[in-house]
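Asker:
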Amino acid sequence: MQILFPNETPEYSGRELTLAFPAVVDGQRVECMITAEALEDHFGAASPRLEDMVRAFDEHRARIEAATRRLLSETQAQCLVLRSGYVRFYEANWRN
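To convert, note that position 83 of the sequence shown is 69 in our numbering; the numbers rise steadily by one, no gaps.
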């Protein structure tokens, strides 16, 4: 499974408190999301505000993409939401 992450600015959803970002899996675009809670708990976002979430995403993009890559592999590239609990589990078990 080939997984790439286009260098695009994530899209904020204030209603859902998420940032959406794309992955390309075997040539197919897959929309992924990360929750404000995950960004606050694991990546230093100061709040669920757009500016804080995007800053945390940009500063920790490689770690977020690594966790997303693992989750995409586990779910056969289904649309996904990266939540705090998964990030905690991923980093405790697979992060290099």
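We put the beta carbon where it would ideally sit given N, CA and C, even for glycine.
(1) At 3 residues or longer, and completely inside the region -11 to 69: list those beta strand (DSSP E) runs for me, N to C.
(2) Run the CB neighbour count on L57, radius 10 Å, all protein chains shown included, and call it buried at 16 or more, exposed below.
(3) Around the Cβ of P(-4), are there at least 16 other Cβ atoms within 10 angstroms (buried) or fewer (exposed)?
(4) Whose C-alpha, out of I20, A48 and A31, is nearest the C-alpha of L(-10)?
Answerer: Looking at the atomic coordinates:
(1) DSSP runs (the beta strand (DSSP E)) wholly in the region -11 to 69: -3 to -1, 4 to 11, 14 to 21 and 66 to 68.
(2) Locating residue 57 in the sequence shown gives position 71, where the first residue counts as 1. L57 should be labelled buried.
(3) As a first step, residue -4 is located in the sequence shown; it is residue number 10 there, counting from the start. Buried, by the Cβ-count rule.
(4) For the purposes of this step, residue -10 is taken as the residue at position 4 of the sequence shown. Sorting I20, A48 and A31 by C-alpha distance to the C-alpha of L(-10) places A48 at the top.
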